Amino acid sequence: MASKEKRKSQDSKADEKIKRRTFAGRSPLLYVFSVVILVIIVVTFVGAPVATGFVGGTQLVFGRYGNRDIIYAPGNYFARRYQQLAEQIDTSNTSEQQFQFQLRQLWRQAFNDTVFHTAVMLEAEQSGMEPSQELLDRTLAQHPVFQEDGRFSSRRYRQMPQQERQSLREYLREVLIQQQFIEDKLQGIRTPAAETTFVASMSGPERRFDYAAFSFEELPDQPVLAYAEEFAFRFQEANLSRITVRSSRSEAERIREQIIDRTAGFEDLAQAHSTDTFADQGGEMGWMRYYELEPDFLEPQVLDDVYELEVGHISPVLEARDTWMIYRLNEPVRQTDIEDPETLTMVRRYMSAFERGIIEDYLIEQAERFVELAKTDGFTEAAERLDLAVRRSGWFPINYGNVPMFSPVRGEDDNLLRGGANREDFFRELFGLQIGQTSSPIVLQNGTVVVTPIEERVPRDEDLDFLRSYYPFMVQQMQGEELERSFIDRDKLTDNFNQAFARYILGS
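So the number in the working numbering is just where the residue sits in the sequence shown, counting from 1, plus 2.
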């Protein structure tokens, strides 16, 4: 009997040792990081009701990790995680298509988080990680649903049905385990003081700039009209039918002879032999612009033979990239009216997609003209003479890649400047200028800018102090995200999310 009591005492001491190892001795930084995770995960409403519109039962299986199903059920981790994410999204002004996209993103994120959570739970079961009952009781008592006037309310506690209370307790138990698991994995991460100081110093100096923008979106009508006049043939429109043959040129010639000899109709031959998407409708394509057909051919000028046809006539066999094509003109060709605003819109859209080099050359030429004027007349005066708006950037340092912890590269009312944040030469140009000096034209993704720095400042001491305290936390956060990505064993995961989402949520 004494031996049994002694063994029981030893087991109790061992349990306490495990508890001390896994739920005590936290560093202040890790404790803050863990509390942030706990707050994000825990602060959800009790019950996590199943979203309306479900098709099927209340336990929805989305996949499997190891030997455990990934289940959505009222009150479980998946349900509460989805609800917590959903409460952060405003869908009041979204279209049906946008809402469905957001809905899918929310469910996918909740699923991914639950997969990681499941992997952690399986690992915890093997290692014996378990929170003490005292810690679990304290966490449960601190849950917002039991708080009244900032204190624990026994009345609210008793009012909650036993089943819901037990569900919440189990959920919090799992949250505490996941919290401790992450903390243990990140325990060895330390950020050297010298590194922290160096990173904080990268926040300055900051500069603010005036700039003139020559953007693709603001391309004037003049170059568009010039292009439309020079390449008017590209925008003419024809009502066409087509037969596409993949086998050989000789087969295409044989089919064409049947059309010419009237031994078979064009529509019948298209349905019988054509291999493109227009075959089922007898080859009828409808109205097609010249430029829409150009990508089919290595030598697009062969389309001249099509757009010069008389109504009802058949083209020669034209060699395309991997096929041979026969066209018929069904109605007279429509020539482009370049004075029509809709035509200008179409040409502008075409140039943005296929002639970016022409647009870029034009914008650079205009920017160079502005630079020459600015050298003699001044930046603001040159802008006035050329009827350009002078825009002003926000304050930002050399922030390569727009790192979130520093002020981002941003313009006044457009995204043009932001495109330079991933280029070293952009920052060399901007921070190599003297205050008031005008830059050379800077070519960016969607246009060209000319800038002049107007002010420079160094970070305030309180800003540096904040960055020095924030940077280690940010490193911990990134390491936590990397932990989630690397810890999951993809070989153990059966991902049926797409099928489950379509079946249970969309009802398809």
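Note that CB positions come from ideal geometry on N, CA and C, so glycine has one too.
All values derive from a computational prediction rather than experimental measurement.
{"Item": "Looking at the structure shown, is N241 part of a helix, part of a strand, or coil, going by DSSP?", "Value": "strand"}
{"Item": "What did DSSP end up calling Y213 once you bin it into helix, strand or coil?", "Value": "strand"}
{"Item": "S205 and D465: beta carbons closer than 9 Å?", "Value": "yes"}
{"Item": "Taking the C-alpha atoms as reference points, what is the distance between T265 and M348?", "Value": "41 Å"}
{"Item": "Using the DSSP secondary-structure output, state which residues sit across from R394 in a beta bridge.", "Value": "D212"}
{"Item": "Using a Cβ-Cβ cutoff of less than 8 Å, which residues in the same chain neighbour L435 once the five nearest sequence positions on both sides are dropped?", "Value": "S441, V453, T454 and P455"}
{"Item": "Can the beta-carbon of L221 be found less than 9 Å from the beta-carbon of I361?", "Value": "yes"}
{"Item": "Starting from E374, trace the beta strand (DSSP E) both ways and give me its first and last residue.", "Value": "Segment R358 to D379 is the alpha helix (DSSP H) holding E374; no beta strand (DSSP E) there."}
{"Item": "May I have a chain-ordered list of the alpha helix (DSSP H) segments no shorter than 4 residues that lie completely inside the stretch 275-352?", "Value": "292-295 and 306-309"}
{"Item": "If you run the structure through DSSP and keep just helix, strand and coil, what is G49?", "Value": "Caution applies to G49, whose pLDDT of 37 falls short of 50 and renders its modelled position unreliable; the value that the coordinates give is listed next. Residue state, collapsed to three classes: coil."}
{"Item": "Leaving out the 5 sequence neighbours to the left and right, which residues in its chain are closer than 6 Å to T24 when beta-carbon positions are compared?", "Value": "Caution applies to T24, whose pLDDT of 39 falls short of 50 and renders its modelled position unreliable; the value that the coordinates give is listed next. Closer than 6 Å at Cβ, skipping near neighbours: M131 and Q182."}
{"Item": "Taking C-alpha atoms, which residue in L105, R82, A88 and L124 lies nearest to L495?", "Value": "L124"}
{"Item": "Within the continuous beta strand (DSSP E) that includes T454, where are the two ends?", "Value": "G449 to R459"}
{"Item": "What are the residues that DSSP puts in a beta bridge with L435?", "Value": "Beta-bridge pairing links L435 to no other residue."}
{"Item": "Is it right to say Q61 is buried, meaning 16 or more other beta carbons lie within 10 angstroms of its own, or is it exposed?", "Value": "exposed"}
{"Item": "Using CA coordinates, which residue listed in L271, R82 and F211 is at the minimum distance from F113?", "Value": "R82"}
{"Item": "Quick check on I261: does DSSP put it in helix, strand or coil?", "Value": "helix"}
{"Item": "For V313 and A369, what's the separation of their Cα atoms in angstroms?", "Value": "48 Å"}
{"Item": "Would you list the residues sitting across from F154 in a DSSP beta bridge?", "Value": "Q149"}
{"Item": "Would you tell me roughly how many angstroms separate the C-alpha atoms of P207 and A196, rounded to the nearest one?", "Value": "19 Å"}
{"Item": "Can you give me the C-alpha to C-alpha distance between F211 and I184, rounded to a whole angstrom?", "Value": "44 Å"}
{"Item": "Okay, do the stretch 322-337 and the stretch 291-300 touch, 3+ Cβ pairs below 8 Å being the bar?", "Value": "yes"}
{"Item": "Consider the Cβ of T347: report whether some Cβ of chain C lies at a distance smaller than 9 Å.", "Value": "No chain C is present in this structure, which holds just one protein chain."}
{"Item": "Quick check on D139: does DSSP put it in helix, strand or coil?", "Value": "helix"}
{"Item": "May I ask you to report which of helix, strand or coil DSSP gives Y84?", "Value": "helix"}
{"Item": "For Q337, count the other beta carbons within 10 Å of its own beta carbon; 16 or more makes it buried, fewer makes it exposed. Which is it?", "Value": "exposed"}
{"Item": "In whole angstroms, give me the CA-to-CA distance for Q481 and H145.", "Value": "28 Å"}
{"Item": "Closer than 6 Å by C-beta to R248: which residues in its own chain qualify, once you throw out the five before and the five after it? Chain order, please.", "Value": "T277 and T325"}
{"Item": "Which class does Y402 belong to by DSSP, given the choice of helix, strand or coil?", "Value": "coil"}
{"Item": "Return yes when the Cβ of E426 is within less than 9 Å of the Cβ of V335, no when it is not.", "Value": "no"}
{"Item": "For V201 and I437, what's the separation of their Cα atoms in angstroms?", "Value": "25 Å"}
{"Item": "Would you say E414 and R394 are within 9 Å of each other, going by their C-beta atoms?", "Value": "yes"}
{"Item": "From which residue to which residue does the beta strand (DSSP E) around R236 run?", "Value": "That residue, R236, is in no beta strand (DSSP E); it is neither H nor E in DSSP."}
{"Item": "Looking at the structure shown, is D71 part of a helix, part of a strand, or coil, going by DSSP?", "Value": "strand"}
{"Item": "Count the other C-beta atoms from every protein chain shown that fall within 10 angstroms of the C-beta of A374, then say buried if there are 16 or more, exposed otherwise.", "Value": "Checking the sequence, you will find Glu at residue 374 rather than Ala. E374 is exposed by the Cβ-count criterion."}
{"Item": "Using only CA atoms, which one of R256, M287, Y293 and Y159 lies nearest to H275?", "Value": "R256"}
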